[in-house]
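Undergrad: Residue numbers (UniProt numbering): 1 to 729.
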Amino acid sequence: QAEEKWDFVLVSNIHEAGSEKETKRKKFLDELSKKGFTIKKIEDKKLFYGVRAPKQIFQKYQWLLRNPDSRLQNPDAHHDVPVTTRIRIVNFILQNTVTSDLEKLCDLRRKRVFEAAFPLHEKEEVREFLKERWARWRDIFSQQPIEKIRCYFGEKVALYFAWLGWYTYLLGFAAVAGLVVFVAGITVFNSSQVSKEICEATNTIMCPLCDQKCPFWLLSDTCTYAKVTHMIDNEGTVLFAMFMAIWATVFLELWKRQRATVVTDWDLYRWDEEEEELAMELINNLQHEPQQYQHSYFRSTVILLLVLVMIAVLIGIAHGLVIYRVVATALFTQSDLEFLREQANTMAVMTGAVLHYVTIVIMTKVRSETQGGPWAFLPSPEKPRTFSQHENSFTIKIFTFQFFTNFSSLIYIAFFLGRINGHPGNYVRIAGRWRLEECHPSGCITDLFIQMAIIMLLKQTISNVMEYLVPWISHKLHKKWQRPKKRRVMLGEEEEAEDPCKRQWLSNYQLSEVNAFSLFDEFLEMVIQYSFTTIFVAAFPLAPLLAFCNNLFEIRLDAIKMVRLRRRIVPRKANDIGIWLQVLEAIGILAVIGNGLVIAITSDFIPMQVYKYTYSPCMTGNSTGVDCSTGYINHSLSVFRIQDFEPQTKPGLAPTGLCCRYRDYRNTDDYSYTVQFWHIFASRLAFLILFEHAALCVKLIAAWYVPDVPKSVKNKFRVRKHNNLRKEL
Numbered sequence: 001q002a003e004e005k006w007d008f009v010l011v012s013n014i015h016e017a018g019s020e021k022e023t024k025r026k027k028f029l030d031e032l033s034k035k036g037f038t039i040k041k042i043e044d045k046k047l048f049y050g051v052r053a054p055k056q057i058f059q060k061y062q063w064l065l066r067n068p069d070s071r072l073q074n075p076d077a078h079h080d081v082p083v084t085t086r087i088r089i090v091n092f093i094l095q096n097t098v099t100s101d102l103e104k105l106c107d108l109r110r111k112r113v114f115e116a117a118f119p120l121h122e123k124e125e126v127r128e129f130l131k132e133r134w135a136r137w138r139d140i141f142s143q144q145p146i147e148k149i150r151c152y153f154g155e156k157v158a159l160y161f162a163w164l165g166w167y168t169y170l171l172g173f174a175a176v177a178g179l180v181v182f183v184a185g186i187t188v189f190n191s192s193q194v195s196k197e198i199c200e201a202t203n204t205i206m207c208p209l210c211d212q213k214c215p216f217w218l219l220s221d222t223c224t225y226a227k228v229t230h231m232i233d234n235e236g237t238v239l240f241a242m243f244m245a246i247w248a249t250v251f252l253e254l255w256k257r258q259r260a261t262v263v264t265d266w267d268l269y270r271w272d273e274e275e276e277e278l279a280m281e282l283i284n285n286l287q288h289e290p291q292q293y294q295h296s297y298f299r300s301t302v303i304l305l306l307v308l309v310m311i312a313v314l315i316g317i318a319h320g321l322v323i324y325r326v327v328a329t330a331l332f333t334q335s336d337l338e339f340l341r342e343q344a345n346t347m348a349v350m351t352g353a354v355l356h357y358v359t360i361v362i363m364t365k366v367r368s369e370t371q372g373g374p375w376a377f378l379p380s381p382e383k384p385r386t387f388s389q390h391e392n393s394f395t396i397k398i399f400t401f402q403f404f405t406n407f408s409s410l411i412y413i414a415f416f417l418g419r420i421n422g423h424p425g426n427y428v429r430i431a432g433r434w435r436l437e438e439c440h441p442s443g444c445i446t447d448l449f450i451q452m453a454i455i456m457l458l459k460q461t462i463s464n465v466m467e468y469l470v471p472w473i474s475h476k477l478h479k480k481w482q483r484p485k486k487r488r489v490m491l492g493e494e495e496e497a498e499d500p501c502k503r504q505w506l507s508n509y510q511l512s513e514v515n516a517f518s519l520f521d522e523f524l525e526m527v528i529q530y531s532f533t534t535i536f537v538a539a540f541p542l543a544p545l546l547a548f549c550n551n552l553f554e555i556r557l558d559a560i561k562m563v564r565l566r567r568r569i570v571p572r573k574a575n576d577i578g579i580w581l582q583v584l585e586a587i588g589i590l591a592v593i594g595n596g597l598v599i600a601i602t603s604d605f606i607p608m609q610v611y612k613y614t615y616s617p618c619m620t621g622n623s624t625g626v627d628c629s630t631g632y633i634n635h636s637l638s639v640f641r642i643q644d645f646e647p648q649t650k651p652g653l654a655p656t657g658l659c660c661r662y663r664d665y666r667n668t669d670d671y672s673y674t675v676q677f678w679h680i681f682a683s684r685l686a687f688l689i690l691f692e693h694a695a696l697c698v699k700l701i702a703a704w705y706v707p708d709v710p711k712s713v714k715n716k717f718r719v720r721k722h723n724n725l726r727k728e729l
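1. Can you list, in chain order, the stretches of the alpha helix (DSSP H) that have 4 or more residues and sit fully within the stretch 552 to 615?
2. Name, in chain order, the residues that DSSP records as bridge partners for isoleucine 430.
3. Considering only DSSP beta bridges, list what methionine 206 is partnered with.
4. Less than 7 Å between C-beta atoms, sequence neighbours within five positions excluded: which residues of the same chain meet that for proline 471?
5. Considering just the uninterrupted stretch of the alpha helix (DSSP H) at lysine 131, what are its terminal residues?
6. How many Å lie between asparagine 723 and leucine 171 at the Cα?
7. Which residues share a DSSP beta bridge with phenylalanine 8?
8. Under a three-way DSSP split, which group does lysine 35 fall into?
9. By the 10 Å Cβ neighbour count, where 16 or more other Cβ atoms means buried, how is tryptophan 704 classified, buried or exposed?
10. What whole-angstrom Cβ distance do valine 238 and phenylalanine 605 have, given they're in contact under 8 Å?
11. Let me confirm a value: aspartate 336 is counted as buried when at least 16 other C-beta atoms fall within 10 Å, else exposed. Which label applies?
12. Can you say whether cysteine 660 is buried or exposed, counting buried as having 16 or more other CB atoms within 10 angstroms of its CB?
13. Reducing DSSP to helix, strand and coil, say where alanine 318 ends up.
14. Could you confirm whether any beta carbon from chain B is found closer than 7 Å to the beta carbon of alanine 162?
15. Roughly how many angstroms separate the alpha carbons of valine 83 and isoleucine 57, rounded to a whole number?
16. Does at least one heavy atom of the ligand HEM sit under 6 Å from the Cβ of glycine 236?
17. Looking at the unbroken beta strand (DSSP E) that takes in serine 638, where does it start and where does it end?
18. Could you check how far apart the C-beta atoms of valine 326 and glutamate 437 are, in whole angstroms? I think they sit under 8 Å.
19. Taking the runs of the beta strand (DSSP E) that are 3 residues or longer, which of them lie wholly in the stretch 240 to 309?
20. Report the three-state DSSP secondary structure of asparagine 115 (helix, strand or coil).
21. Return the CA-CA distance between asparagine 595 and phenylalanine 415, expressed in angstroms with no decimal places.
22. Looking only at C-alpha atoms, which of Ser19, Asp670, His319 and Ser603 sits nearest to threonine 446?
23. Should the stretch 222 to 233 be called in touch with the stretch 189 to 209, which here means at least 3 C-beta pairs below 8 Å?
24. Would the beta-carbon of arginine 556 fall within 7 Å of that of tryptophan 137?
25. If you run the structure through DSSP and keep just helix, strand and coil, what is tyrosine 357?
26. Taking leucine 179 as the reference, which of Met244, Gln402, Phe118 and Asp80 has the closest Cα?
27. Rounded to the nearest angstrom, how far is the Cβ of isoleucine 14 from that of lysine 40, given a contact under 8 Å?
28. Once you ignore the five residues that flank leucine 94 on each side, which residues in its own chain have a CB closer than 7 Å to its CB?
29. Could you name the residues of the same chain whose beta carbon sits closer than 8 Å to that of residue 734, not counting the 5 residues immediately before and after it, in chain order?
30. Thinking C-beta only, is threonine 333 closer than 7 Å to cysteine 210?
31. If you pair each beta-carbon of the stretch 174 to 189 with each one of the stretch 287 to 303, do three or more pairs fall below 8 Å?
32. For serine 409 versus alanine 318, is the C-beta spacing smaller than 7 Å?
33. Could you tell me the distance, in whole angstroms, from the CA atom of leucine 552 to the CA atom of methionine 619?
34. Going by DSSP, what residue range makes up the alpha helix (DSSP H) through aspartate 447?
35. Please state if the CB of serine 388 and the CB of glutamate 273 are separated by a distance shorter than 7 Å.
36. Leaving out five residues before and five after aspartate 708 in sequence, what residues of the same chain have Cβ atoms less than 8 Å from its Cβ?
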């Protein structure tokens with residue numbers, strides 16, 4: 001039975017005898033034979049080649065990478081290498097074997113000489129345990145068997161699930177805090193003084209929302225919208241934003257400790273990837289010369305320019321979404337349906353959010369189909385030598401692409417919507433025709449809330465369902481196609497005895513394909529979610545709760561895909577999550593900046609505080625029994641004379657008065673900014689500087705307070721060194 005275990009399977013179409021493809025295939029297999037590989041051929045509708053490496057390869061690996069101390073103590077000891085290490089070494093040799101035509105396996109696959117190359121899912125005890133105790137929906141609240149995952153899929157996959165489990169665990173605390181803030185906001189749904197003023201403003205006539213046929217409207221018509229806005233936009237939001245800045249830091253610091261403990265148990269804390277890769281290069285080819293580090297300033301300049309071009313393209317897509325919202329608002333306000341006319345702005349926001357989600361799906365598909373989209377073709381300033389160095393370079397490019405794809409529209413809504421649109425009589429227009437959107441009199445933060453809620457809900461429902469259903473349906477169809485053949489065998493038709501390897505190789509081949517970056521896609525999905533959970537959380541306190549619920553299912557979804565629906569991923573050794581840690585730290589800093597900007601610019605928190613402590617009745621001495629927010633809405637609305645409308649503006653029936661109101665701080669005579677505008681502007685800047693400095697200081701203190709490496713790990717290494725020295729002495 002041991003002899004029938006194969007390290008890898010290569011799959012090829014049946015080519016004509018003497019064809020170029022058959023010749024290339026034979027040359028590659030001959031090279032493997034020269035290295036002592038055992039090769040078994042099975043023919044079905046395709047050709048399957050099982051390859052098994054000789055024992056000498058693994059003995060060389062053990063000798064080269066053994067601890068120098070143990071090598072001296074026991075020079076002849078050879079133990080079987082773990083299956084994950086065996087697969088990793090064989091995969092390295094397969095990928096780096098060069099034919100007489102100077103072609104590698106990747107070149108042959110590109111030319112369709114070989115169609116697939118994969119390690120096998122074995123019917124071993126570890127896999128059966130993972131299928132029964134981990135890769136099942138019923139185990140959604142069970143602890144993950146990280147050690148078993150490591151034994152079957154390797155350290156890199158085990159670290160991904162350890163990180164995802166730790167992230168989900170700590171996300172529970174953020175979810176509870178966000179839920180408390182949201183519920184607290186619901187309790188003030190009907191009690192907010194600002195909302196009351198809007199609901200009672202039956203005599204406040206607002207300027208039309210579009211140029212043609214839009215009526216003047218009463219501020220009290222938006223009573224419900226105002227209540228929802230102040231349910232989100234309150235003092236609790238500021239505290240929650242500060243809490244999430246601290247949470248992001250504590251999460252990463254605690255993960256560093258958790259990771260140190262885990263990799264110490266695996267004896268990988270000081271593992272050197274470069275040394276291992278050099279050892280495998282020498283095992284594969286004794287004449288191999290190490291590559292030299294190279295850096296090119298020209299390549300760096302090219303990369304920078306190409307990155308800027310791609311960011312400009314993505315910003316252009318965001319502009320397209322802005323234009324859609326502007327045009328949609330104009331069309332909805334002229335609709336024959338009363339509901340669409342009344343809710344034109346809200347409908348434009350919601351349909352814009354759905355369109356943004358569709359854009360994200362399309363751009364993600366483009367990126368995955370071209371293995372990284374435009375970014376995959378960018379060179380690297382340094383020629384990377386190890387797989388991790390290549391993956392790190394790839395990660396930065398793809399994350400930048402995905403980040404701008406996901407957040408460009410949100411950045412517009414958070415920081416530009418309603419601030420660059422001009423004012424009645426002098427609107428900023430697109431193509432001289434459609435005027436830009438305005439913020440609601442109660443603030444813009446609800447637009448951001450709606451956009452984030454729709455994108456997160458769609459990403460966590462439709463995307464995850466498709467992620468599971470596509471490989472599941474494919475798997476079921478393949479199983480159905482296999483059944484007729486089984487029936488013929490049962491009926492006793494004459495058929496030669498089937499090779500026991502054939503069924504196993506076929507069933508593995510029919511699973512969904514994986515590649516070197518399959519795990520990268522899972523990490524990318526979670527890090528983008530982490531960005532949504534932290535960067536604009538001030539506008540959407542329920543983001544951590546949605547992420548927490550999603551991750552409970554995501555862990556089992558990824559487990560089921562890896563164990564049941566996909567071919568076995570090539571195990572890789574690792575002692576951390578790589579460049580993703582630096583990406584997460586960068587997101588933590590962006591979260592402080594983003595939330596500070598949302599509170600200072602998007603929220604009405606600062607204007608309200610300026611009013612309370614400068615212009616309110618409380619400051620004039622008439623504060624007996626009066627809420628300090630009384631009069632805020634009237635104070636935040638400017639007056640516009642109807643005769644000053646632009647010629648192309650043809651509003652509906654004019655009101656009885658000669659004026660209408662709009663959201664801004666401008667003088668009535670020349671529409672210049674008032675003193676109040678500059679007070680609020682200065683206060684916004686002051687708050688932004690104070691908030692970001694305070695949050696960053698707290699992050700630094702938290703990072704200092706929580707050591708990266710537990711004392712138990714340091715002590716373990718110290719004792720190990722002491723014992724080794726004593727033994728040598």
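C-beta atoms are modelled at their ideal positions from N, C-alpha and C, and glycine is treated no differently.
TA: Quick look at the numbers:
1. 580 to 597 and 605 to 610
2. Bridge partners of isoleucine 430: Trp434.
3. Trp217 and Arg661
4. Closer than 7 Å at Cβ, skipping near neighbours: Ser512, Lys561, Leu565 and Arg566.
5. 125 to 133
6. 41 Å
7. Val51
8. Look at lysine 35 here: in three-state DSSP terms it is coil, with no helix or strand label.
9. exposed
10. 6 Å
11. Result: exposed.
12. By the neighbour-count rule (16 or more Cβ atoms within 10 Å), cysteine 660 is buried.
13. Here alanine 318 sits in helix by DSSP.
14. Looking at the structure shown, chain B is missing, and only one protein chain is on hand.
15. CA-CA distance, valine 83 to isoleucine 57, rounds to 14 Å.
16. Inclusion of the ligand HEM in the displayed structure is not the case, the ligand content being empty and no account of it being possible.
17. 637 to 641
18. 6 Å
19. For the stretch 240 to 309, not a single whole beta strand (DSSP E) run of length 3 or above is found.
20. Per the sequence shown, residue 115 should be read as glutamate rather than asparagine. In the structure shown, the three-state DSSP call for glutamate 115 is coil.
21. Roughly 11 Å between the two C-alpha positions.
22. Answer by Cα proximity: Ser603.
23. A contact exists between the stretch 222 to 233 and the stretch 189 to 209.
24. In contact: arginine 556 and tryptophan 137 (Cβ atoms closer than 7 Å).
25. Looking at tyrosine 357 - three-state DSSP - the assignment turns out to be helix.
26. When each option's Cα is compared against that of leucine 179, the closest is Met244.
27. Not confirmed; about 17 Å, so no contact.
28. Phe8, Leu105 and Ala117
29. Nothing in the structure corresponds to residue 734, since the chain is present only between 1 and 729.
30. Less than 7 Å separates the beta-carbon of cysteine 210 from that of threonine 333.
31. no
32. yes
33. 51 Å
34. Where aspartate 447 is concerned, the enclosing alpha helix (DSSP H) stretches over 445 to 458.
35. Closer than 7 Å, so yes.
36. Glu253, Lys256, Arg257 and Ala260
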